[in-house]
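Trainee:
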Amino acid sequence: MTARRPTARTTAAVALGGAAGTLLRYAAGQLWPGPAGTLAINVLGGLAIGALLRRPAGRPDRYLRPLLATGLLGGFTTFSGYAVDVRALLLAGRPGPAVAYLLGTVALVLAATWCGHTAAGWRR
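Structure (structure tokens):
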């Protein structure tokens, strides 16, 4: 299977979603700064992407997945913020909370993604 080149419309959908997701991420970070806020954002994003990816890709809403999954949720969730938070905990001499946050985030986001995917399937 060969990869298709994205169309200009797909690229625009990703860019538009990414801009909106980044603005939402910034606003959420202002409301909930620090590791707890980053964790909440990533768990919420995982839940949403799990539900969204339950929908079949393609027509008639072929731009919906690039707009929402890649763009909006890609801009909203943050791996770099997560890494910065872990580093800050380590530099503050708090290796226990750093490791708990490091592993707990992965577990919680995976669980949230599974929950979103499962919940979206109940309608079928």
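Mapping the sequence shown onto my numbering, position 44 (from 1) lands on 865, and the numbers just tick up by one. Glycine included, each C-beta is placed from N, C-alpha and C at the ideal position.
Any idea what DSSP makes of residue 914, helix, strand or coil?
Mentor: One-based indexing of the sequence shown puts residue 914 at position 93. Residue 914: coil per DSSP, three-state reduction.
Trainee: Buried or exposed: which applies to residue 897, given that a residue is buried once 16 or more other Cβ atoms fall within 10 Å of its Cβ?
Mentor: Locating residue 897 in the sequence shown gives position 76, where the first residue counts as 1. It is buried - the Cβ of residue 897 has at least 16 other Cβ atoms within 10 Å.
Trainee: Let me confirm a value: residue 835 is counted as buried when at least 16 other C-beta atoms fall within 10 Å, else exposed. Which label applies?
Mentor: In the sequence shown, counting from the first residue as 1, residue 835 sits at position 14. By the neighbour-count rule (16 or more Cβ atoms within 10 Å), residue 835 is buried.
Trainee: Where do the N-terminal and C-terminal ends of the alpha helix (DSSP H) with residue 847 fall, by residue?
Mentor: Here residue 847 refers to the residue found at position 26 when the sequence shown is read from its first residue. 829-852 is the span of the alpha helix (DSSP H), which, as asked, contains residue 847.
Trainee: Please classify residue 874: does DSSP put it in a helix, a strand, or coil?
Mentor: If you number the sequence shown from 1, residue 874 lands on position 53. Of the three classes helix, strand and coil, the one that applies to residue 874 here is coil, per DSSP.
Trainee: How long is the line joining the alpha carbons of residue 931 and residue 829, rounded to whole angstroms?
Mentor: Along the sequence shown, one-based indexing puts residue 931 at 110. Along the sequence shown, one-based indexing puts residue 829 at 8. Going by the C-alpha atoms only, they are around 32 Å apart.
Trainee: Can you give me the Cβ contacts of residue 906 inside the same chain, cut-off strictly under 6 Å, excluding the 5 residues immediately before and after it?
Mentor: Here the question's residue 906 lines up with position 85 in the sequence shown. Here the set comprises 856, 859.
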